[in-house]
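Below is one structure; the comments refer to it alone.
There are 2 protein chains.
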Amino acid sequence: MTAVTTRVLIRGTGLIGTSLGIALTRTGYAVLLADPSPTAERLARDLGAGQLAHESAEQPDLVIIAAPPDVAAGAVAQSLSRWPSAVVTDVASVKGAVVDGARAAGADLTRYVGSHPMAGRERSGAGHARGDLFEGRAWVVVPAPESTESTIQAVTDLARAVGSVVTVMDATTHDDAVATMSHLPQIAASLVAAQLRSLDDRALGLAGQGVRDVTRVAASDPRLWTQIIAGNATSILEVLGRVHADLGELLGALSALADPDAPDDAVGSLEVVNRTITHGNVGHARIPGKHGAGPAAYLPVTALVPDTPGELARLLTDVGEAGVNLEDLRIDHGLGQPFGLAEIMVVPAAAEHLQQALEAKGWRVLD
Amino acid sequence: MTAVTTRVLIRGTGLIGTSLGIALTRTGYAVLLADPSPTAERLARDLGAGQLAHESAEQPDLVIIAAPPDVAAGAVAQSLSRWPSAVVTDVASVKGAVVDGARAAGADLTRYVGSHPMAGRERSGAGHARGDLFEGRAWVVVPAPESTESTIQAVTDLARAVGSVVTVMDATTHDDAVATMSHLPQIAASLVAAQLRSLDDRALGLAGQGVRDVTRVAASDPRLWTQIIAGNATSILEVLGRVHADLGELLGALSALADPDAPDDAVGSLEVVNRTITHGNVGHARIPGKHGAGPAAYLPVTALVPDTPGELARLLTDVGEAGVNLEDLRIDHGLGQPFGLAEIMVVPAAAEHLQQALEAKGWRVLD
Chain A
636 MTAVTTRVLI
646 RGTGLIGTSL
656 GIALTRTGYA
666 VLLADPSPTA
676 ERLARDLGAG
686 QLAHESAEQP
696 DLVIIAAPPD
706 VAAGAVAQSL
716 SRWPSAVVTD
726 VASVKGAVVD
736 GARAAGADLT
746 RYVGSHPMAG
756 RERSGAGHAR
766 GDLFEGRAWV
776 VVPAPESTES
786 TIQAVTDLAR
796 AVGSVVTVMD
806 ATTHDDAVAT
816 MSHLPQIAAS
826 LVAAQLRSLD
836 DRALGLAGQG
846 VRDVTRVAAS
856 DPRLWTQIIA
866 GNATSILEVL
876 GRVHADLGEL
886 LGALSALADP
896 DAPDDAVGSL
906 EVVNRTITHG
916 NVGHARIPGK
926 HGAGPAAYLP
936 VTALVPDTPG
946 ELARLLTDVG
956 EAGVNLEDLR
966 IDHGLGQPFG
976 LAEIMVVPAA
986 AEHLQQALEA
996 KGWRVLD
Chain B
636 MTAVTTRVLI
646 RGTGLIGTSL
656 GIALTRTGYA
666 VLLADPSPTA
676 ERLARDLGAG
686 QLAHESAEQP
696 DLVIIAAPPD
706 VAAGAVAQSL
716 SRWPSAVVTD
726 VASVKGAVVD
736 GARAAGADLT
746 RYVGSHPMAG
756 RERSGAGHAR
766 GDLFEGRAWV
776 VVPAPESTES
786 TIQAVTDLAR
796 AVGSVVTVMD
806 ATTHDDAVAT
816 MSHLPQIAAS
826 LVAAQLRSLD
836 DRALGLAGQG
846 VRDVTRVAAS
856 DPRLWTQIIA
866 GNATSILEVL
876 GRVHADLGEL
886 LGALSALADP
896 DAPDDAVGSL
906 EVVNRTITHG
916 NVGHARIPGK
926 HGAGPAAYLP
936 VTALVPDTPG
946 ELARLLTDVG
956 EAGVNLEDLR
966 IDHGLGQPFG
976 LAEIMVVPAA
986 AEHLQQALEA
996 KGWRVLD
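Given below as structure tokens:
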């Protein structure tokens, strides 16, 4: 076992594997590439992700399994056995199934640590790979109970080398966390978007920013997500069961409210509806803000921007010249109009100053 | 009944009423304001929304009920009777309940047309009012079966005067459409966000763009939304019942997948999971793109932007100088890092040119 990893074998050259190869090569790691598809591994090589493993006589210090989630456990076990002094990690976004599967296959897990680089994209495949994919992203390092300290350190170093921010969690904590923070939002988005399949075009024409935001991730890859959801079925069941119960209670309340024969004012029903929205307020307020800096508490300054090249740039130049840092920006498009609304989020102390500065430069700022 | 409306009475001076008053005053309408709260109506006057109705001897040609949804029907009926030659409209975001309530109160609906200006904000109250609130937004004009042509025309003219894009629908079509396009996404966002209430901070730290997008509208006002959801219970029940059934089927599949004693590979379960995501893909693809111009088909060009004043402006200036129109922009924040990713959406033909142009100016463009 080496403390300093110099040679990495990446098994699986899809989006994540190829992106890792590019990033690690840039930072000085020697990277070997292997994929069941000769075309895929050559494409990764051509993109600068490393050299082909079968053309090298070198042995890896660290093996990264970047295969689909459902074959990760087998590949981990096989790699631990094949390279008896190498550290092995995998990048599947579900961790319990991998460690359980590898253990069931008789693997020695002292040299294994799971990884979850939280850097997926709505697109997949090596063709969309990029060396910056992990910059500034969370990378969850998931030790098995047996993992040695030097193994944990080697994987932590690797994650930091590609620019990620490391968080350490055990597999159960990780899987429960992503069930709520990632898999539940995906399922909710898909279920809402599915209702648009048979809607008529005039109704679809009423789409505002709300339905666009809620359903954005519904565009995700079904093959990958079927594996992720199936692989984390136990943790998802728990949180999704609670949502199903909440939804059932809301349906009961709505049935009472919709029923003209229900007892006068359907006692209790409005409380259920109100609680649904109020609990959402409370949960939403807990999401950390930009750069993990606590819940967002920015004020919006909204300006009207003509839909011609350079106008948004001119606006943001004026924001910069006002000496105000833009904390976030949302472009809100009108319907059938040649302009959009730019909502500039700034710290509260800067909002009034910015509004005045922009108006002085001739912008229409909505107050 | 007049064809050209010159004097408008706005009853209810919250966010929508006050914003309408400001917008209509600017375009030359004479606006009278009334609100049960003397403070609220004076605040609206001070904001430039019009003059106080009780200080004027004039009679309105058109009355806009901008009261909360649950009192709109009564106010419509009362206004039709009180001003026997005025056109009356209301801005409640649910329409069937208003027309039914007004008819039940014995109102003559020939001079009534419902309105739904789709221009809410996550904030409420006159203090957040703005005259541009309706610019480029959809305004659904909802005639009752009895509404005369000149009544429909007067309300259509009013909507266009404040910059809105008019769509005409009957009340049932409207209420079904917003149940799916607006109320369902709100409920889904609230139910997902509610699950974050008791989550531990480390799990919350894994928040990515997905959960942020899905839950953004969960910050909405519970008082308003309780009225909206209760007021559209019948239409929401239908679509929410389908979602509840889909969710129940998914839970059944996950139970089978999570059960170690289930028959080998839980036949059929993966199909259910895959179908959930695939149906979401299909529905999502139907959402019209920017400016109602058909589903979006833009390519992203992603650049790394330092988190200091003026950097984003400099990037967008360079985009403008490349002669490329930015179709949409998403700022994706890293975790604990002093920069963000700017995803610039452009028409496919412009993507490669823009990437080269930005790289030539020294930007790190992710490929």
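These protein sequence lines map, in sequence, to chains A and B. This note's numbering applies: residue 636 is where the first sequence begins, and numbers increase by one. This note's numbering applies: residue 636 is where the second sequence begins, and numbers increase by one. C-beta atoms are modelled at their ideal positions from N, C-alpha and C, and glycine is treated no differently.
Asked: Residues of chain B with CB under 7 Å from Leu-951(A), in chain order?; Found: Leu-947, Ala-948 and Leu-951
Asked: Would you mind stating whether Asp-805(B) and Asn-867(B) have Cβ atoms separated by less than 8 Å?; Found: no
Asked: Which term fits Glu-946(B), buried or exposed, when burial requires 16 or more other beta carbons within 10 angstroms of its beta carbon?; Found: buried
Asked: Within this structure, are the beta carbons of Leu-951(B) and Ala-948(A) separated by less than 8 Å?; Found: yes
Asked: Should Arg-858(B) be labelled buried (16 or more other beta-carbon atoms within 10 Å of its own) or exposed?; Found: exposed
Asked: With 8 Å as the threshold, decide whether the Cβ of Gln-830(B) is near any Cβ in chain A.; Found: yes
Asked: Identify each residue in the segment 875-887 of chain B for which the Cβ-Cβ distance to at least one residue of chain A is less than 8 Å, and report them in chain order.; Found: Leu-875, Gly-876, Arg-877, Val-878, His-879, Asp-881, Leu-882, Gly-883, Leu-885 and Leu-886
Asked: Please classify Asp-848(A) as buried or exposed, where buried requires at least 16 neighbouring CB atoms within 10 angstroms.; Found: buried
Asked: Helix, strand or coil, according to DSSP, for Arg-642(A) in the structure here?; Found: strand
Asked: Within the 8 Å Cβ cut-off, does Pro-673(B) reach chain A?; Found: no
Asked: Could I get the ranges of all uninterrupted beta strand (DSSP E) runs contained in the segment 935-989 of chain B, with 3 residues as the minimum, in chain order?; Found: 963-968 and 974-981
Asked: From Thr-724(B) to Gln-830(A), what does the alpha carbon distance come to, in whole angstroms?; Found: 31 Å
Asked: Would you mind sorting Asp-743(A) into buried or exposed? The rule is 16 or more other CB atoms within 10 Å of its CB.; Found: exposed
Asked: Where does Gln-713(A) sit, in a helix, a strand or coil, going by DSSP?; Found: helix
Asked: Give the straight-line distance between the Cα atoms of Gly-683(B) and Glu-690(B), rounded to the nearest whole angstrom.; Found: 16 Å
Asked: Which runs of the beta strand (DSSP E) fall wholly inside the segment 718-797 of chain A and span at least 3 residues, in chain order?; Found: 722-725, 748-752 and 773-778
Asked: Check whether the segment 694-705 of chain A touches the segment 644-658 of chain A, taking contact to mean three or more Cβ pairs, one atom from each stretch, closer than 8 Å.; Found: yes
Asked: Could you list the residues in the segment 892-918 of chain B with a C-beta less than 8 Å from some C-beta on chain A, going in chain order?; Found: Leu-892, Ala-893, Ser-904, Leu-905, Val-908, Asn-909, Thr-911, Ile-912, Thr-913, His-914, Gly-915, Asn-916, Val-917 and Gly-918
Asked: Work out the CA separation of Gln-694(B) and Trp-718(B) for me, nearest whole Å.; Found: 8 Å
Asked: Any idea if Gln-991(A) is buried or exposed, counting beta-carbon neighbours within 10 angstroms, 16 or more meaning buried?; Found: exposed
Asked: So, with DSSP's three-state summary, where would you put Leu-682(B)?; Found: coil
Asked: By the DSSP assignment, the beta strand (DSSP E) with Thr-802(A) in it spans what residues?; Found: 800-803
Asked: Give, in chain order, every residue of the segment 847-864 of chain B whose Cβ lies closer than 7 Å to some Cβ of chain A.; Found: Arg-847, Asp-848, Val-849, Thr-850, Arg-851, Val-852, Ala-853, Ala-854, Ser-855, Pro-857, Trp-860, Thr-861 and Ile-864
Asked: Once you ignore the five residues that flank Thr-641(B) on each side, which residues in its own chain have a CB closer than 8 Å to its CB?; Found: Tyr-664, Ala-665 and Asp-696
Asked: Comparing alpha-carbon positions, which option in Leu-839(A), Leu-659(A) and Ala-688(A) lies nearest Pro-673(A)?; Found: Ala-688(A)
Asked: Would Ser-782(A) pass as a contact of Tyr-747(A) if the rule is Cβ separation under 8 Å?; Found: yes
Asked: According to DSSP, is Ala-665(B) part of a helix, a strand, or is it coil?; Found: strand
Asked: Taking the beta strand (DSSP E) that Val-698(A) falls in, what are its first and last residues?; Found: 697-700
Asked: Hey, would you say Thr-861(A) sits closer than 8 Å to Asn-916(B), going by beta carbons?; Found: no
Asked: So with CB distances below 7 Å, who are the chain A contacts of Thr-869(B)?; Found: Ala-893
Asked: Go ahead and label Val-902(B) buried or exposed: buried means 16 or more other beta carbons lie within 10 angstroms of its beta carbon, across all protein chains shown.; Found: exposed
Asked: Would you please state the rounded distance, in angstroms, between the beta carbons of Ala-789(B) and Arg-772(B)? I believe it to be under 8 Å.; Found: So it is not a contact: roughly 19 Å between Cβ atoms.
Asked: Can Ser-750(B) and Val-777(B) be called in contact, C-beta distance under 8 Å?; Found: yes
Asked: Can you check whether the C-beta of Pro-923(A) is within less than 8 Å of a C-beta belonging to chain B?; Found: yes
Asked: Of all the CB atoms in chain B, is at least one closer than 8 Å to the CB of Leu-839(A)?; Found: yes
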